[in-house]
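Engineer:
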Amino acid sequence: MKAEISVMVIIVLVFAASSSISAPAYIPRFEDFAILIHDVSPGYFEQLREITALIDTYSLQNATYLFVIPNHGGGMPLEDYPAFVAFLGRLKAEGYHVELHGYAHTGDEFDCNASTAEKKLELGLRVLSCLNVTPEYFIAPRYSLSEDALAVLLSRNITVIGEDFVYFPNGTVEPVYNREYTWYLPSPFLDYQLASARASYAHTGGTFLLSLHPKAVNNDAGMEFLREFLGFLKTCEKRNPLNGLG
Ligand SMILES: [Zn+2]
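Read left to right, the sequence shown gives residues 1 to 246 (the numbering used here).
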């Protein structure tokens with residue numbers, strides 16, 4: 001009997017621990033949701049115009065984070081594209097957040113040692129300074145990041161957003177709900193993806209992060225998903241720990 005009780009206690013403890021580990025955290029800075037646009041680079045200027053025009057119509061500029069590649073492929077330094085820099089400057093003035101997404105975005109470039117990470121970060125920060133931006137957030141290309149590179153970023157007071165966790169400079173790590181529904185979404189899957197995203201948003205107690213890639217989202221079903229889902233986000237009253245009923 002005693003043995004049975006201890007087994008039960010263990011099962012309950014394991015369940016409690018695993019559910020608290022997997023439950024997405026509520027990140028006050030982002031409130032209920034944030035839109036993360038990856039691969040912001042002059043190579044996707046037209047696509048980014050289209051995406052941000054849609055975000056503007058829902059007045060979600062303040063909830064949108066632009067993850068900029070400072071020198072895409074090593075041959076597209078932002079400073080050589082003044083029209084694109086001006087475009088980012090206008091978005092920033094409208095309330096969009098300008099953040100950092102690697103440096104050249106070649107391979108797993110931040111899966112590297114500390115000194116390489118320092119160098120790439122320094123180059124990236126220098127490029128963003130032309131926009132008077134000091135990024136608060138970083139997403140590694142392919143979410144690929146060594147422990148050393150992570151330590152470098154955190155030591156510079158930059159919060160790192162991963163696929164499943166957010167790493168804060170104070171050393172805390174929170175599980176996060178971060179999903180992309182629009183990776184070359186074929187039309188027959190539109191309704192399914194919308195239903196899935198709505199249900200996930202409604203049922204997650206934490207912050208919902210919607211990741212997007214220019215070009216991958218700029219097809220009929222992708223933009224239609226975005227149009228419908230942003231409309232849903234604007235109208236869906238969600239309870240959260242700060243403004244909820246609890
Ligand atoms: Zn990327």
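Every residue gets a Cβ at the ideal spot worked out from N, C-alpha and C, and that includes glycine.
1) List the whole-angstrom C-beta distance separating THR116 from GLY73, where the pair is believed to meet the contact cut-off of C-beta under 8 Å.
2) Pick from VAL85, ALA195, PHE165 and PRO169: whose alpha carbon is nearest that of GLY151?
3) What would DSSP say about TYR44, mapped onto helix, strand or coil?
4) Mapping DSSP to helix, strand and coil, what is ALA34?
5) Is any heavy atom in ligand 1 found nearer than 7 Å to the beta carbon of ASP108?
6) Can you give the beta carbon distance from PRO24 to PRO175, rounded, assuming they're within the 8 Å contact cut?
7) Should HIS101 be listed as close to ligand 1, given that the test is whether its C-beta is under 7 Å from any heavy atom?
8) Looking only at its chain, what residues have a beta carbon closer than 6 Å to the beta carbon of LEU318, apart from the 5 residues adjacent to it on each side?
9) Tell me whether ASP191 is buried or exposed, calling it buried when 16 or more other Cβ atoms sit within 10 Å of its Cβ.
10) Tell me the residue span of the alpha helix (DSSP H) that contains SER200.
11) Does VAL152 have its Cβ less than 8 Å from a Cβ in chain C?
12) Inspect the beta-carbon positions of LEU154 and TYR167 and report whether they are closer than 8 Å.
13) For GLU174, which residues does DSSP report across the bridge?
14) Does the distance between the C-beta of ASP111 and the nearest non-hydrogen atom of ligand 1 fall short of 7 Å?
15) Pick out the complete beta strand (DSSP E) segments inside the region 80-161, 3 residues or longer, and give them in chain order.
16) Kindly list the residues whose CB is nearer than 7 Å to the CB of LYS215, restricted to its own chain and excluding five residues on each side of it in sequence; keep chain order.
17) DSSP three-state label for SER211, please.
18) Could you pull out every residue in the same chain whose Cβ sits closer than 8 Å to the Cβ of SER200, ignoring the five residues on either side in sequence?
19) For CYS236, which of helix, strand or coil comes out of DSSP?
20) Give the straight-line distance between the Cα atoms of ASN157 and PRO188, rounded to the nearest whole angstrom.
21) Starting from the C-beta of GLU50, find all residues in its chain whose C-beta is less than 8 Å away, skip the five residues before and the five after it, and write them out in chain order.
22) Can you give me the Cβ contacts of ILE21 inside the same chain, cut-off strictly under 7 Å, excluding the 5 residues immediately before and after it?
Structural biologist: Taking the structure as given:
1) Counted from its first residue, the sequence shown places residue 116 at position 116. Counted from its first residue, the sequence shown places residue 73 at position 73. Actually they do not touch by this definition, with Cβ atoms about 18 Å apart.
2) In the sequence shown, the residue the question calls residue 151 occupies position 151. Looking at the sequence shown, residue 151 is not Gly but Ala. Comparing Cα-Cα distances from ALA151 to each of VAL85, ALA195, PHE165 and PRO169, the minimum goes to PRO169.
3) To locate residue 44, count along the sequence shown from 1; it is residue 44. Helix, per DSSP.
4) The count along the sequence shown starts at 1 and reaches residue 34 at position 34. Three-state result, ALA34: strand.
5) Numbered from its first residue, the sequence shown carries residue 108 at position 108. No.
6) As a first step, residue 24 is located in the sequence shown; it is residue number 24 there, counting from the start. As a first step, residue 175 is located in the sequence shown; it is residue number 175 there, counting from the start. With 8 Å as the limit, PRO24 and PRO175 qualify as a contact, their Cβ atoms being about 6 Å apart.
7) On the sequence shown, position 101 is the one that residue 101 refers to. Result yes, Cβ under 7 Å from ligand 1.
8) The structure shown has nothing for residue 318, since the chain only spans 1 to 246.
9) Here the question's residue 191 lines up with position 191 in the sequence shown. It counts as exposed.
10) The count along the sequence shown starts at 1 and reaches residue 200 at position 200. SER200 -> alpha helix (DSSP H) spans 190-203.
11) Among the chains in the structure shown there is no chain C, since it carries only a single protein chain.
12) Translated into positions along the sequence shown, residue 154 becomes position 154. Translated into positions along the sequence shown, residue 167 becomes position 167. Going by C-beta atoms, LEU154 is nearer than 8 Å to TYR167.
13) By one-based count along the sequence shown, residue 174 stands at place 174. In DSSP, GLU174 forms a bridge with VAL166.
14) Walking along the sequence shown from the start, residue 111 turns up at place 111. Flag unset: Cβ of ASP111 not near ligand 1.
15) 97-100 and 159-161
16) Walking along the sequence shown from the start, residue 215 turns up at place 215. Cβ neighbours of LYS215 beyond the five flanking positions: TYR44 and GLN47.
17) What you label residue 211 is simply residue 211 of the sequence shown in a count that begins at 1. DSSP places SER211 in strand when its eight states are reduced to three.
18) Reading the sequence shown from its first residue, position 200 is the one you call residue 200. If we look at SER200 and ignore the five residues flanking it on each side, its Cβ neighbours are TYR177, ARG179 and PHE208.
19) Working through the sequence shown from its first residue, we reach residue 236 at position 236. Coil.
20) As a position in the sequence shown, residue 157 is number 157, starting the count at 1. As a position in the sequence shown, residue 188 is number 188, starting the count at 1. The straight-line gap from Cα to Cα measures roughly 43 Å.
21) In the sequence shown, counting from the first residue as 1, residue 50 sits at position 50. ASN218 and MET223, listed in sequence order.
22) Locating residue 21 in the sequence shown gives position 21, where the first residue counts as 1. Model confidence at ILE21 stands at a pLDDT of 49, short of 50, so the residue's coordinates are unreliable; what they give is reported in the following sentence. Closer than 7 Å at Cβ, skipping near neighbours: PRO175.
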